[in-house]
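What follows is a short report on a single structure.
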Amino acid sequence: MNANPPQIILEIIDRIRNNTLVNQEALIFTAVEQGAANINYLLELSISCAQHSKLPDALLILKSLSSKITDQIKIYYNLGLVYSLSGNNQEAIKAYELALKIDPNDADTLINVSSAYNELKEYQHALNNADQAIKVNPQIPEAWINRGSSLCSLNLFDDSIKSYQEACRLNPHLFEAWLNQSLPLNKLGKHHEALVACDEALRLQPLSDKAHSNKAITLNELGQYNQALIHFDKATHLNPNLYENFYGKGVALHKLHRPSDALYEYNKAIELNPHFADSYYHKGVALSQTKRYRQAIVEFKKALEIDPNKPDYWFSMGATYLELSQALEARSHFQKALDLNPDFYPARWTKAFTYIPTLLSEDEDLEFLRNQFLLELKLLNESISDNKLDGLHKVVGMHQPFYLAYQNLNNKELLKEYGLICDRFMHHWQLTNQIGPSKKIEYSKIKIGIVSSHIYDHSVWHAITKGFLSNLDPNRFEVHLFYLGAVLDEETNFAKLKSTSFSNGESSLLSWAKLISEKNIDALIYPEIGMHQLTAQLASLRLSDLQMVAWGHPETTGLPTIDYYLSGELYEPQGIDAYTETLIQLPNLASCYYRIPITPVQPVLEGVSFDEETPILLCPGTPYKYDPKNDWILVEIAKRLGKCKLVFFHHHEDLSHKVKLRLTAKFNAANLSIDEFVVFIPWLNSSQFYGLMGKSSVFLDTIGFSGFNTAIQAIECTLPIVTKDDRFMRGRLAVGLLRRIGLSRLIASDDVEYIELAVKLAQDQQFSGEVRKQMHEMKHLLYEDTSVVRALEYFLIDKLRGSSSSPTI
Numbered sequence: 182m183n184a185n186p187p188q189i190i191l192e193i194i195d196r197i198r199n200n201t202l203v204n205q206e207a208l209i210f211t212a213v214e215q216g217a218a219n220i221n222y223l224l225e226l227s228i229s230c231a232q233h234s235k236l237p238d239a240l241l242i243l244k245s246l247s248s249k250i251t252d253q254i255k256i257y258y259n260l261g262l263v264y265s266l267s268g269n270n271q272e273a274i275k276a277y278e279l280a281l282k283i284d285p286n287d288a289d290t291l292i293n294v295s296s297a298y299n300e301l302k303e304y305q306h307a308l309n310n311a312d313q314a315i316k317v318n319p320q321i322p323e324a325w326i327n328r329g330s331s332l333c334s335l336n337l338f339d340d341s342i343k344s345y346q347e348a349c350r351l352n353p354h355l356f357e358a359w360l361n362q363s364l365p366l367n368k369l370g371k372h373h374e375a376l377v378a379c380d381e382a383l384r385l386q387p388l389s390d391k392a393h394s395n396k397a398i399t400l401n402e403l404g405q406y407n408q409a410l411i412h413f414d415k416a417t418h419l420n421p422n423l424y425e426n427f428y429g430k431g432v433a434l435h436k437l438h439r440p441s442d443a444l445y446e447y448n449k450a451i452e453l454n455p456h457f458a459d460s461y462y463h464k465g466v467a468l469s470q471t472k473r474y475r476q477a478i479v480e481f482k483k484a485l486e487i488d489p490n491k492p493d494y495w496f497s498m499g500a501t502y503l504e505l506s507q508a509l510e511a512r513s514h515f516q517k518a519l520d521l522n523p524d525f526y527p528a529r530w531t532k533a534f535t536y537i538p539t540l541l542s543e544d545e546d547l548e549f550l551r552n553q554f555l556l557e558l559k560l561l562n563e564s565i566s567d568n569k570l571d572g573l574h575k576v577v578g579m580h581q582p583f584y585l586a587y588q589n590l591n592n593k594e595l596l597k598e599y600g601l602i603c604d605r606f607m608h609h610w611q612l613t614n615q616i617g618p619s620k621k622i623e624y625s626k627i628k629i630g631i632v633s634s635h636i637y638d639h640s641v642w643h644a645i646t647k648g649f650l651s652n653l654d655p656n657r658f659e660v661h662l663f664y665l666g667a668v669l670d671e672e673t674n675f676a677k678l679k680s681t682s683f684s685n686g687e688s689s690l691l692s693w694a695k696l697i698s699e700k701n702i703d704a705l706i707y708p709e710i711g712m713h714q715l716t717a718q719l720a721s722l723r724l725s726d727l728q729m730v731a732w733g734h735p736e737t738t739g740l741p742t743i744d745y746y747l748s749g750e751l752y753e754p755q756g757i758d759a760y761t762e763t764l765i766q767l768p769n770l771a772s773c774y775y776r777i778p779i780t781p782v783q784p785v786l787e788g789v790s791f792d793e794e795t796p797i798l799l800c801p802g803t804p805y806k807y808d809p810k811n812d813w814i815l816v817e818i819a820k821r822l823g824k825c826k827l828v829f830f831h832h833h834e835d836l837s838h839k840v841k842l843r844l845t846a847k848f849n850a851a852n853l854s855i856d857e858f859v860v861f862i863p864w865l866n867s868s869q870f871y872g873l874m875g876k877s878s879v880f881l882d883t884i885g886f887s888g889f890n891t892a893i894q895a896i897e898c899t900l901p902i903v904t905k906d907d908r909f910m911r912g913r914l915a916v917g918l919l920r921r922i923g924l925s926r927l928i929a930s931d932d933v934e935y936i937e938l939a940v941k942l943a944q945d946q947q948f949s950g951e952v953r954k955q956m957h958e959m960k961h962l963l964y965e966d967t968s969v970v971r972a973l974e975y976f977l978i979d980k981l982r983g984s985s986s987s988p989t990i
């Protein structure tokens with residue numbers, strides 16, 4: 182190029198700077214006529230214009246040149262560059278293709294056309310051009326970067342990583358090559374390698390918002406959510422307009438059990454990009470997990486309007502409908518997910534559970550539904566060959582047969598089939614990861630492991646775990662707690678002090694399984710199985726030679742990995758075979774319960790007047806505990822009393838509403854006004870609940886699925902209880918409590934006696950007073966019953982020191 186541009190080029194430059202470039206084609210034509218060297222000046226001028234945000238001027242120059250000169254590759258190459266800078270990749274590709282007609286093997290043009298195709302999401306075309314560029318010159322790292330991007334977008338992650346790594350080999354200081362490879366590495370679950378790539382990108386460009394963002398995404402994948410938040414914050418500080426960072430931050434907060442904060446971030450992401458479906462989807466998930474199901478459905482619908490081809494979206498919407506007890510809607514959405522992907526196993530798994538009603542209805546054929554549930558489980562199991570078991574551990578515990586326990590039927594065979602599937606999926610995972618019970622080493626003390634997601638102020642903790650932990654003999658036993666939950670309170674702190682070791686904060690099934698295995702536990706106790714996914718997954722593994730479940734969820738697990746079921750002598754009926762585990766009946770209530778110090782506070786409740794003329798009959802059960810077959814009993818009690826208040830609680834807005842509608846129909850049929858006899862009140866804190874019990878006349882235990890914690894609280898407040906004997910342990914919790922304090926006369930043998938007892942307690946002040954007096958005198962028997970723990974100790978010593986056999990995984 183000449184040292185000094187020709188005068189005509191200087192004139193063009195001057196006119197561009199002064200925005201006075203007119204009749205430019207004539208000027209450019211004259212420049213071209215003055216000699217070929219001037220073309221180079223014009224090409225350089227076009228790029229200068231583009232770099233100084235004068236894209237129209239650059240296009241003007243290049244278009245004019247291309248109309249006069251058709252055999253210069255640089256003209257079309259520059260034209261493609263300017264179109265790309267202006268975001269018009271379609272026109273860029275046309276220009277690049279004209280350049281390639283002149284020289285099909287120009288590597289730079291091939292790389293640029295590959296980039297343009299990647300921008301247009303035409304990944305196969307992008308890959309073809311990147312491959313051609315590499316064929317021409319395999320030493321250009323940018324070609325390998327483009328190839329890696331195309332392969333990643335085509336879900337060919339292994340090849341994508343290899344391409345990025347080749348770019349890094351050619352130029353170890355190439356920021357983009359390190360930055361981009363974290364995505365396919367994360368996709369393949371190689372999160373630690375992805376983190377290394379992100380750190381190298383940050384070393385090269387410490388102020389890159391994209392590098393901070395990619396590192397935050399990787400930390401999310403690793404479950405290091407607090408660290409992820411730090412890098413999302415750095416990324417948003419550097420660039421506050423990228424919706425991806427707010428979205429990722431929302432995911433981290435969601436995982437940290439901060440749904441309100443997560444919702445704020447999702448809303449921010451939506452504000453910046455209202456067309457990103459995942460923001461609506463995860464907002465829906467957060468709303469659903471905070472029981473705002475109808476709001477969640479609105480968000481899922483928005484996500485599906487943007488992208489109706491995501492099985493996850495249909496699945497989550499179906500799961501939300503299932504929470505609303507709308508089984509048909511749930512089933513149809515699961516089916517839509519399966520139509521999109523027949524191997525979408527979360528939908529196949531959860532679809533089976535749509536045949537277990539959340540809330541029972543008189544119109545439903547339970548026998549048909551139970552048979553369908555069993556059929557779905559068998560079809561699911563039979564349809565999955567052994568070579569397709571990878572990853573299926575993720576569905577175990579995703580949805581559990583929790584509500585089956587509220588059907589007053591023997592569930593052993595159904596849960597046995599369920600347990601076999603859990604065992605098959607988790608057994609494969611366990612063999613794949615080579616995790617099992619540690620090699621047996623006999624220590625001087627027996628090592629007990631307690632695995633629970635409820636080591637805080639929770640009914641399972643108070644009823645079961647706290648008593649075991651507080652009283653197991655420290656001279657004979659070590660107690661190792663594995664806390665799967667996130668809530669931390671004073672009870673958690675107490676547990677830390679009382680245990681030999683306290684583990685929490687692990688994020689994955691693999692890390693928990695390894696931790697439990699490495700502790701060389703002699704016996705694992707699960708206070709409950711049925712209410713928490715990770716608990717169900719771990720319980721479906723063989724991590725100890727001896728594994729037991731207590732009655733936190735009072736139903737058999739069906740799991741072949743659970744050896745014993747810990748129940749109580751006062752709960753178990755005679756002649757009922759309801760457990761897949763071997764039943765162990767600990768003394769009395771199988772509970773060493775500690776009194777909870779609570780100061781009663783009388784609540785102010787709309788619709789409830791505390792006067793002596795209107796007896797209050799407390800109905801504190803959750804909605805799904807109320808079998809419609811028993812609704813008539815409540816109506817009959819109200820009818821006989823003539824004046825009373827049956828007090829229910831708003832536990833779940835939709836389900837409580839359905840129970841109220843059902844009761845309304847029953848009261849109307851009896852020519853009674855439900856508003857006169859029934860009130861639904863907000864959920865109360867413990868002090869207010871105790872205050873209400875102190876003003877109530879009768880506690881009406883739920884028939885078929887009794888209450889333990891509420892019943893023991895009623896006895897503490899000397900509130901008379903009416904309960905009914907049942908065929909199964911889960912219907913006999915209050916029965917056990919009353920027998921323990923010598924009040925068997927409050928246990929009805931049938932529905933009629935239940936009604937009569939309730940009416941008598943509400944009307945007969947002398948009878949009620951006698952009951953209250955006995956409750957006051959005998960309630961101490963319900964607390965700190967260490968005979969339960971001594972019996973457990975004896976059983977453990979006998980089993981673990983008297984046997985050398987070890988179950989295998």
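Take my numbering: the final residue in the sequence shown is number 990, and no numbers are missing along the way. Where a beta carbon is used, it is the ideal one built from N, C-alpha and C, also for glycine.
Could you check the C-alpha separation between residue i and residue j for me, to the nearest Å?
i, j, result
"G912", "L585", "13 Å"
"E974", "W642", "19 Å"
"P901", "L918", "12 Å"
"L485", "A273", "33 Å"
"D390", "I398", "12 Å"
"H838", "K569", "43 Å"
"D726", "S698", "11 Å"
"F649", "E787", "41 Å"
"F427", "G404", "17 Å"
"W693", "I706", "15 Å"
"N422", "E300", "20 Å"
"Y964", "S619", "37 Å"
"S265", "L351", "26 Å"
Identify whether residue i lies in helix, strand or coil by the three-state DSSP scheme.
i, result
"V970", "helix"
"T795", "coil"
"Q386", "coil"
"L519", "helix"
"Q615", "coil"
"Q766", "strand"
"L751", "coil"
"D728", "The sequence as given places Gln at residue 728; Asp does not occur at that position. Residue state, collapsed to three classes: strand."
"T845", "helix"
Cβ atoms of residue j and residue i: under 8 Å apart, would you say?
i, j, result
"I326", "Y304", "no"
"T742", "L722", "yes"
"L419", "L388", "yes"
"I928", "T904", "yes"
"L662", "S684", "yes"
Sorted by chain position, which residues of the same chain lie with C-beta nearer than 7 Å to residue i's C-beta, five sequence neighbours on each side aside?
i, result
"K597", "G739, T761"
"G875", "P781, C898"
"M607", "H574, V577, Q718, S721, L722"
"G872", "P781, V782, Q783, P784"
"G666", "S634, H635, I636, Y637"
"D744", "L727, Q728, M729, E762, T763"
Does the beta-carbon of residue i, which I'm using as the reference point, lie nearer than 7 Å to any heavy atom of the ligand ZN?
i, result
"C349", "You won't find the ligand ZN in this model; it holds no ligand whatsoever."
With a threshold of 6 Å on Cβ separation, who are the neighbours of residue i within its own chain once the five nearest residues in sequence on each side are excluded?
i, result
"D670", "Y637, D638"
"H580", "T531, F534"
"Y298", "H306, A307"
"I896", "M956, K960"
Spatial neighbours of residue i within its chain, please: CB distance less than 8 Å, with the 5 preceding and 5 following residues excluded, ordered by chain position.
i, result
"S627", "At residue 627 the sequence reads Ile, which differs from the Ser that was named. So the qualifying residues of the chain are R657, F658, E659, D703, A704, L977, I978, L981, R982."
"L561", "R529, W530, A533, I602"
"F848", "V816, A819, S854, I855, F858, V859"
Do you know whose CA, among the options, lies nearest residue i's CA?
i, options, result
"P365", "D339, L281, A467", "D339"
"R439", "A458, A416, V466, A972", "V466"
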